[in-house]
Amino acid sequence: MPNNYIFLLSVFLCLGIFGCQTTTTDTPPSDTKQEADTLSIVPMDIIAVEEADEILKKATPIDYDTTQWTELIRLDENFILNLKYATEDNFVDRQLYDCPRCFLHPEAAKALLNVQRELAKMDYTLMLFDCYRPWSVQQALWEIMPNPSYVTPPKRGSMHNRGLAVDLTIAHLNGDTLEMGTPFDYFGPRGHHTYTHHTPTVQANRALLKSTMAKHGFASIRTEWWHYNYRGVRRKTADMRWECD
Ligand SMILES: [Zn+2]
Numbered sequence: 104m105p106n107n108y109i110f111l112l113s114v115f116l117c118l119g120i121f122g123c124q125t126t127t128t129d130t131p132p133s134d135t136k137q138e139a140d141t142l143s144i145v146p147m148d149i150i151a152v153e154e155a156d157e158i159l160k161k162a163t164p165i166d167y168d169t170t171q172w173t174e175l176i177r178l179d180e181n182f183i184l185n186l187k188y189a190t191e192d193n194f195v196d197r198q199l200y201d202c203p204r205c206f207l208h209p210e211a212a213k214a215l216l217n218v219q220r221e222l223a224k225m226d227y228t229l230m231l232f233d234c235y236r237p238w239s240v241q242q243a244l245w246e247i248m249p250n251p252s253y254v255t256p257p258k259r260g261s262m263h264n265r266g267l268a269v270d271l272t273i274a275h276l277n278g279d280t281l282e283m284g285t286p287f288d289y290f291g292p293r294g295h296h297t298y299t300h301h302t303p304t305v306q307a308n309r310a311l312l313k314s315t316m317a318k319h320g321f322a323s324i325r326t327e328w329w330h331y332n333y334r335g336v337r338r339k340t341a342d343m344r345w346e347c348d
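Its first residue numbered 104, the sequence shown is counted upward by one per residue in the numbering used here.
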């Protein structure tokens, strides 16, 4: 087992179970005795299996360049991943990702965490349908559906290829989604922001998503209620492919 893995595991066990502080060698804990007492009254076997699983999941070594990408689930485990392109349940009926992992540009990820925190006050969370999409997947998508009304031509590159776009909706903490009038990737007038014949509930839900996203730097596009572009930074398209187990 590599040393950095052991270190990460200890850090997360410490943070996750005991809430204690990590310290560097030249700054010893201010109250070592109190910390030792706290540790001695928390036997290891009271840790719920689920909790331990969560800690181990977080202790998995980071396998991507954190200066370029942030994996959303590491910021907040309440994000619900429902990445449609990691399944065949999408508008091209093909699985395009080997496994569901959601990455964004670090700035966009931080902004989305703020959206998430704001919605959490209302006991909501965000369900993510698509995040960063590698350029080669954009190319594959284009080969299946070479129609610019549905797929951004790879020559131009989508904001998803830059890690600056996200497809999402609002959900309850149990995973039930709020009514938005159409499913994700419904291409037609009913999916547009400008469609005015939805029920007041649908309109209010869309407005909540749009206003909360806008507050944190995300712009909507007219034709897809689920798609948002982060406007705070710019960068070129990328083709980082993530690892799967
Ligand atoms: Zn999108």
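Note that the Cβ used here is the ideal one computed from N, Cα and C, for glycine as well.
Since the structure is predicted, the reported quantities are computational estimates derived from the model, not experimental observations.
The three-state reading of DSSP puts ALA310 in helix, counting H, G and I together. Within its own chain, the residues whose Cβ lies closer than 7 angstroms to the Cβ of ALA243, once the five positions on either side in sequence are excluded, are LEU199, listed in chain order. In the three-state reduction of the DSSP assignment, VAL269 falls in the strand class, which pools E and B. Within the same chain, and ignoring the five residues on either side of LEU231 in sequence, the residues whose Cβ sits closer than 8 angstroms to its Cβ are LEU175, PHE182, ILE183, LEU184, ASN185, LEU186, CYS205, VAL269, ASP270 and LEU271.
Nearest C-alpha to MET262 among ARG197, SER323, LEU178 and ASP179: SER323. For MET230, DSSP records a beta bridge to ILE183 and THR272. Around SER252, the same chain offers PHE290 as residues with beta carbons nearer than 8 angstroms, after the five sequence neighbours per side are excluded. Contact annotation, HIS208 with ARG265: C-beta distance approximately 7 angstroms; criterion of less than 8 angstroms satisfied. A contact is defined here as three or more CB-CB pairs under 8 angstroms, and the region 209-221 meets this definition with respect to the region 330-343.
Taken through DSSP and simplified to helix, strand or coil, ALA223 comes out as helix. Minimum Cα-Cα distance from ASN193 among the listed residues ASP288, ASP342 and LEU311 corresponds to ASP288. Per DSSP, reduced to three states, the secondary structure at HIS330 is strand. Assigned with DSSP and collapsed to three states, ALA322 falls in strand.
Taking each of ASP279, CYS202, LYS213 and ASN308 in turn and checking the Cα distance to PHE321, the smallest one comes out for LYS213. The Cβ-Cβ distance between LEU178 and THR228 does not fall below 8 angstroms. Pairing GLU221 with THR315 gives a Cβ-Cβ distance under 8 angstroms.
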